[in-house]
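Q: Going by the numbering used here, the first residue of the sequence shown is number 14, and it counts up by one from there. Here a beta-carbon is modelled for each residue, glycine too, at the ideal position from N, C-alpha and C.
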Amino acid sequence: MKEKVHFMEFDQSFDGSNALSVDVEDYFQVWALQDYIDRDRWDSLECRIERNLHRILQLFDDANARATFFWLGWAAERFPGLVREVVERGHEIASHGYSHVHVYEQSQEEFRRDVSKTKALLEDISGTAVVGYRAASYSINGSNLWALDTLAQTGHRYSSSIYPIRHDHYGMREAPRFAFRYGESGLVEIPITTVEFFGWRFPCGGGGYFRLLPYRFSKHCLMKVNETDRKPAVFYFHPWEIDPNQPRVDGIDFRTRFRHYVSLDRFESKLVHLAGDFRWDTMASVYAGIL
Ligand SMILES: [Zn+2]
14 MKEKVHFMEF
24 DQSFDGSNAL
34 SVDVEDYFQV
44 WALQDYIDRD
54 RWDSLECRIE
64 RNLHRILQLF
74 DDANARATFF
84 WLGWAAERFP
94 GLVREVVERG
104 HEIASHGYSH
114 VHVYEQSQEE
124 FRRDVSKTKA
134 LLEDISGTAV
144 VGYRAASYSI
154 NGSNLWALDT
164 LAQTGHRYSS
174 SIYPIRHDHY
184 GMREAPRFAF
194 RYGESGLVEI
204 PITTVEFFGW
214 RFPCGGGGYF
224 RLLPYRFSKH
234 CLMKVNETDR
244 KPAVFYFHPW
254 EIDPNQPRVD
264 GIDFRTRFRH
274 YVSLDRFESK
284 LVHLAGDFRW
294 DTMASVYAGI
304 L
């Protein structure tokens, strides 16, 4: 018999702050390009993280926005000073795993080692407690919810690793749309924001959708979440999305090219509007009442 999955949703209502997040990885580490760039080439490629993060930090300062930065351990090891600068400028450090391996490609033991190592590394570099985790490419779904228990056992307090939509490579449509506690370990999962129109659920928490659609539509969706659902929104993006001049990867198929490069030139101006139109805080602050 199939075990019943236990999700406990919170009665938490919206107090005016939304959660902003940045997944700190570079253009050559994203899922869409992984078939084209071997991991052993990462060290030889031009890294744009430092340049892009400085732009993002300035933009956040200008809008008085605070955010959670989910760092790859790989990136933090290369830019320890930048990790500390992010902390000094008032933001939260969280974990994106060490090297962007999907959770569904790891055994439970490999996952435990990966998240333990990355948490310790980030705490050592940042001098702050690391309690949040986000899986590479939202790779926690109905098939590997054990990962949430492992996160609790390794000292994490929340995960933001489930996109509660149906997508060709990720997503868990049956998960709740808003923060919930999972199973006996009690880890809090904070899904990326979706919006519902006439019972249909759509992603509105970042990614290619935000780049592709007009900003006013994204704004409308996020406001609907705040005003109709009375819940905070969780928005995410990557440093490479504000970088239209990033080195182009040759030989990729049309679909991948479209997904990665669509509307990069308009992203930064949209982000400026987004940062100014809503109040943004770290995941740990927005969800402090339930963590
Ligand atoms: Zn990622």
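1. Would a C-beta distance cut-off of 9 Å place Asp242 and Phe23 closer than the cut-off?
2. Measuring only the C-alpha atoms, how far is Thr295 from Pro245?
3. To which residues does DSSP link Ser108 through a beta bridge?
4. Work out the CA separation of Asp137 and Arg97 for me, nearest whole Å.
5. With a threshold of 16 other CB atoms inside 10 Å of the CB of Pro204, please say whether the residue is buried or exposed.
6. Taking 7 Å as the limit between beta carbons, can you name the residues of its chain near Leu164, skipping five residues before and five after?
7. Here's the rule I'm using: 16 or more other beta-carbon atoms within 10 Å means buried, otherwise exposed. How should Glu240 be labelled?
8. Smallest Cα separation from Ser150: which of Thr81, Tyr176 and Glu63?
9. Which value, in whole angstroms, describes the spacing of the CA atoms of Leu277 and Pro227?
10. What are the boundary residues of the alpha helix (DSSP H) that includes Thr207?
11. For Asp266, tell me which candidate among Ala32, Asp39, Asp48 and Val43 has the shortest Cα-Cα distance.
12. Arg279 lies in the alpha helix (DSSP H); which residues open and close that run?
13. Under a three-way DSSP split, which group does Ser172 fall into?
14. If you draw a straight line from the alpha carbon of Arg20 to that of Tyr195, how long is it in whole angstroms?
15. Helix, strand or coil: how does DSSP classify Asp51 here?
16. In whole angstroms, what is the alpha-carbon distance linking Arg261 and Arg91?
17. Tell me whether Gly220 is buried or exposed, calling it buried when 16 or more other Cβ atoms sit within 10 Å of its Cβ.
18. Rounded to the nearest angstrom, how far is the Cβ of Gln71 from that of Ala192, given a contact under 8 Å?
19. With a threshold of 16 other CB atoms inside 10 Å of the CB of Lys15, please say whether the residue is buried or exposed.
A: In this structure, then:
1. No, Cβ-Cβ distance for Asp242 and Phe23 is not below 9 Å.
2. 12 Å
3. Trp84 and Tyr146
4. The C-alpha of Asp137 is placed about 10 Å away from the C-alpha of Arg97.
5. buried
6. For Leu164, same chain residues with a beta-carbon under 7 Å away, outside a window of 5 residues either side, are Val128, Tyr146, Ser172 and Leu200 in chain order.
7. exposed
8. Tyr176
9. 13 Å
10. No alpha helix (DSSP H) contains Thr207, which is instead part of the beta strand (DSSP E) from Thr207 to Phe210.
11. Asp48
12. Where Arg279 is concerned, the enclosing alpha helix (DSSP H) stretches over Leu277 to Asp290.
13. strand
14. Position check: residue 20 holds Phe in this sequence, whereas Arg was assumed. Each residue's alpha carbon lies about 5 Å from the other.
15. Secondary structure at Asp51: coil, using DSSP grouped into helix, strand and coil.
16. Their Cα atoms are separated by approximately 22 Å.
17. buried
18. That belief does not hold up - the Cβ atoms of Gln71 and Ala192 are roughly 30 Å apart, past 8 Å.
19. With a pLDDT of 47 at Lys15, under the threshold of 50, the predicted position of this residue should be treated as unreliable, though the coordinate-derived value follows. Answer is exposed; the Cβ neighbour count stays below 16.
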